[in-house]
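For the first sequence, our numbering assigns the number 71 to the initial residue and increments by one for each residue that follows.
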Amino acid sequence: MDMKTVESKWQQRWEKTKENCFNKKNADKKFYVLEMFSYPSGAKLHIGHWYNYGPTDSYARFKKMQGYEVFQPMGFDAFGLPAENYAIKTKIHPKDSTEKNIATMEQQLKAMGAMFDWSAEVKTCEEDYYKWTQWMFLKLFENGLAYRKEAPVNWCPSCNTVLANEQVVDGCCERCGTPVIKKDLTQWFFKITQYAEELLQGLDKIDWPEKTKLMQRNWIGKSTGCEIEFECESGDKFKVFTTRCDTVFGVSYVVLAPEHPLVKKLASEEQREAVEKYVAETAKTNEIERLSSAREKTGVFIGHYAINPVNGEKVPIYAADYVLYSYGTGAVMGVPAHDERDFMFAKKYGLPVKKVIENKNGETVLPFCEDGICVNSLQFDGRFGEDARTEITNYLTKLGKGQRKVNYRLRDWLVSRQRYWGAPIPVIHCPHCGIVPVPYKDLPVRLPYNVEFEPDGKSPLAKCDEFMHTKCPHCGGDALRDPDTLDTFVCSSWYYLRYPDAHNTKMPFDPEIVNKMLPVDKYVGGAEHACMHLLYARFFTKALRDMGYLNFDEPFQSLVHQGVILGPDGNRMSKSKGNIVSPDEYVSTYGADVFRMYLMFGFSYTEGGPWSDDGIKSVAKFLDRVERFVLKVKDYKSAKDSVAAGANEKDLNYARNYAIRQITRDLESFSFNTAVARLMEYVNALYKYDGFAEKDNAFLKECTRDLLLLLAPFAPHFTEELWEQWGGKYSVFDHKYPVCDESALEREESEYAVQVNSKIKTKIMLAKGLSNDEIQAIVLADESIRPLIEGKVIRKFIVVPGRLVNIIL
RNA sequence: GCGGCUGUGGCGAAAUUGGCAGACGCGCCGGACUUAGAAUCCGGUGGGCAACCUUGCAGGUUCAAGUCCUGUCAGCCGCACCA
């Protein structure tokens, strides 16, 4: 079959007949299959795109054939740094390069033959999309979920922009690898922390990979403990957070983060110079160094003391950078006997180590950090672990010096970026009225084309006068626009809501439509988004729900991550390693169907693995084999030479229904490699039957027709063509996927493995429905078994129905 | 350091969830058809002459372990001074 011709023939036909368009009339049978949309960075699809989209499309086609009205849209996550960095290098405007890349990628995606509904396409860099991204921002602002604050933020000195916590990897910028530094800047944040608890709880209700859920749980980082108030000699008070309030009697010092305001306020005359020096040095150290747990602890005594509320002890106050200002209260109590960090710190600065917990099961070696029995803790002596914590918390609460407290590691999401290629933040800064949101009717705030975007640490838009100068919507006076753009993750936090109503000009989406179409039934994409996109999208969904726009809690009911296809050398494909494999030549040699089917057959979908094209020919061979067979059987004359259904027909029918059952199961679980294997087995069975002298041609044709239906999702162009030649009605995808006839799988006999003392000795065919005693009688009488057991006592006779028997002597 | 995942023939990989390890393929070997090759079709293929051995390694539970438990090694991923 000439795949080139066949592919374009059917792609055109599908487009002309709107075969892949979602039909809103059937919305009650909707099935929303979504692949993470592409970033148009390069002009070409790489193997990763194929691996994500090809097999998932087969799944979508399978669902369609099962009778669902499948909605499978595609679009482009088109704003972002790579286009801008590319522009800086080549002077090609990001808008131009992005649009060009999108045009090419659209062609390639269409050539792939996936059933994307292009009528719902979304491009985040277009006005009619980012207008609504800005709308989202305003809604969040209106609902108190977007706010501006000055804070130490992550700054990438190479990209010249701030980064979200999630975009800092090992203290470095996730894009360019440059070490991130801390800067105090006033930035926009989204209050994702308000949803920390629900984001955590919601994970229990969704069908996602456990690994991903665990990553989100860890990222949210809930910890339950106690806040304890310490009063200083000066009368100033501060709180510490601890999960181990059962150790509070062992406090020998307290530590404030260097950024803590009390550090400067309380520093004594003698210590002032040392403290200021230390604080300044901390500010200079970069994140990687500071956050390394291996690093030796440093700190400085600030020359002031605080009172331990449970025993009135006076303890010195230190400033030390192992305490993070951004977590908890930015202050901790130091209990050297029961915390490794505090222990190291105390040893270094000669602070007392006071044991207040003893090991229940043996010698107490300090630092002892597990739960134990309280000692030297007055009325709490003898209490253990959680009980001790509860009692001490209650005691502190009664004193008015503490309370139970839950903390999360999750931080608010920093969304402003000092870059050009993104959605402008729809806010106006008025010298009289302050921060004024752009009125909804004035959206979009257009991103101007002619901008000097060479990065110099200031927002490129700040240098564009025509953009910056505007009137205050409130007082009408001169005012300035916000020069920052939104993190591109904001754009991708709601795109799945836009698809079902992609052309709405009055709203981002019609809630009535979206509430019918969502949640996404199957979302497929890379695991690298676990704590970014997948978390942000959940936050957006919950926020929009609380504003009354949505009536569901989670955007993606079921999630699958495809594995990563590595270079042939086992490393991640990268230009620098020179191990990039392009799909193009394979596609032009073998065709799209063979290539995607090989991706399904040669790898375990969720595992991925190093690229190898060893088996690609085998898939081509398989399809040839199918083609030859189908065309041969097509011309068989039916009725006349029909014979009564005998054993061979029964076997073939078994093979057929076994294939149907297994392939259906395998597709449901994204186990594409075994599904293809079952198809191959079925074709082998068909060939075998065809080789018999006597055969029932009508039955064989029926079985062959089922083969085409089974194969269709895997090799869509190929099967559509054969289906037509077979005489099937267009389109093969409008026919029902075969359903397993369970009765065909019931057999009168099954083969049992016979073990003696757990070692397999022989195999026996046994009829169905025999009692254990009957089985025992037959097995013991078997010629190959009898000599092995003669004269011996059978201690046990185990029967696993339909599978094996084990004779224990 | 903490958490998670993975480890199976020469290769890609399966294994009904504790029940015949290696499905389906690649590769290789043999045969058929061919003047010959390609293509195709049929058969064989974990190791060992054998008894037997075999799922990274060492133990354990069980009639039975790739699967469960304990320890250990290697690789990958995530978090990393979160109090």
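Even for Gly, the Cβ is constructed at its ideal location relative to N, Cα and C.
Remember, it's a predicted structure, so these values are computed and weren't measured experimentally.
The Cβ atoms of Phe-784 and Leu-749 sit closer than 9 Å to each other. Two segments are said to touch when three or more pairs of C-beta atoms, one from each, lie closer than 8 Å; by this definition the stretch 402 to 409 touches the stretch 421 to 428. Short of 7 Å from the beta carbon of Arg-287, and not among the five residues preceding or following it, lie these beta carbons of its own chain, in chain order: Leu-270, Leu-273. Here Phe-259 carries a strand assignment [DSSP, helix/strand/coil]. Per DSSP, reduced to three states, the secondary structure at Cys-302 is strand. Per DSSP, reduced to three states, the secondary structure at Glu-624 is coil, with no helix or strand assignment.
In this structure, DSSP gives Ala-216 an extended state, which the three-state scheme calls strand.
A distance below 9 Å separates the beta carbons of Pro-638 and Val-651.
The beta carbon of Lys-209 sits closer than 7 Å to the beta carbons of Met-617 from its chain, once the five residues preceding and following it are set aside; these are given in chain order. Distance from Arg-568 to Phe-559 at the Cβ level is roughly 15 Å; contact not present, criterion being Cβ atoms closer than 8 Å.
With respect to the 9 Å criterion, Tyr-388 and Val-325 are classified as neighbours on the basis of their beta carbons. Here the alpha carbon of Gln-846 sits roughly 59 Å from the alpha carbon of Ser-293.
Look at Phe-699 here: in three-state DSSP terms it is helix.
Boundaries of the alpha helix (DSSP H) harbouring Phe-742: 742 to 760, taken from the DSSP string. Comparing alpha carbon positions, the residue from Glu-624, Arg-615, Leu-629 closest to Ala-600 is Leu-629.
Collapsing the DSSP output to three states places Trp-278 in coil.
In the DSSP assignment, Asn-235 falls outside any alpha helix (DSSP H) and carries neither an H nor an E.
Each residue's CA atom was taken as its position, placing Lys-418 and Ala-344 some 17 Å apart. Between the stretch 176 to 183 and the stretch 581 to 593 there are fewer than three inter-stretch CB-CB distances shorter than 8 Å, so the stretches are not counted as touching. By the neighbour-count definition (other C-beta atoms within 10 Å, threshold 16), Arg-873 is an exposed residue. Annotation for Tyr-265: Phe-609, Lys-612 place their beta carbon closer than 6 Å to its own, counting only its chain and skipping 5 residues before and after. Cβ neighbours of Met-71 within its own chain (closer than 7 Å, five residues either side excluded): Glu-697, Phe-788, Glu-791. Segment contact: the stretch 182 to 196 against the stretch 224 to 241, fewer than three CB-CB distances shorter than 8 Å; contact not assigned. In the DSSP annotation of this structure, the continuous segment of the beta strand (DSSP E) that includes Leu-326 starts and ends at 323 to 326.
In terms of Cβ geometry, Val-521 and Lys-533 form a close pair [threshold 9 Å]. Judged by beta-carbon spacing, Phe-259 lies beyond the 9 Å limit of Val-497, meaning their Cβ atoms are not closer than that value. Here Asp-187 is buried. Its C-beta has 16 or more other C-beta atoms within 10 Å.
For Lys-592, the uninterrupted beta strand (DSSP E) segment begins and ends at 592 to 594. Taking one beta carbon from each stretch, the stretch 486 to 496 and the stretch 316 to 331 have fewer than 3 pairs nearer than 8 Å; the two do not touch. A distance below 9 Å separates the beta carbons of Ala-130 and Ala-184. Inclusion of Lys-471 and Pro-386 in the CB contact set at 9 Å is not warranted, their separation being larger than that value. Look at the beta carbons and you see the stretch 533 to 551 touching the stretch 501 to 512: at least three pairs across the two are nearer than 8 Å.
Cβ-Cβ distances below 6 Å link Thr-231 to Arg-487, Gln-488, Arg-489 in the same chain, with the five nearest sequence neighbours on each side left out; the list follows chain order.
Straight through space, the alpha carbons of Val-634 and Ala-597 are spaced by roughly 9 Å. Put simply, the stretch 724 to 743 touches the stretch 668 to 677. At least three CB pairs are less than 8 Å apart.
Assigned with DSSP and collapsed to three states, Leu-840 falls in coil, not helix or strand.
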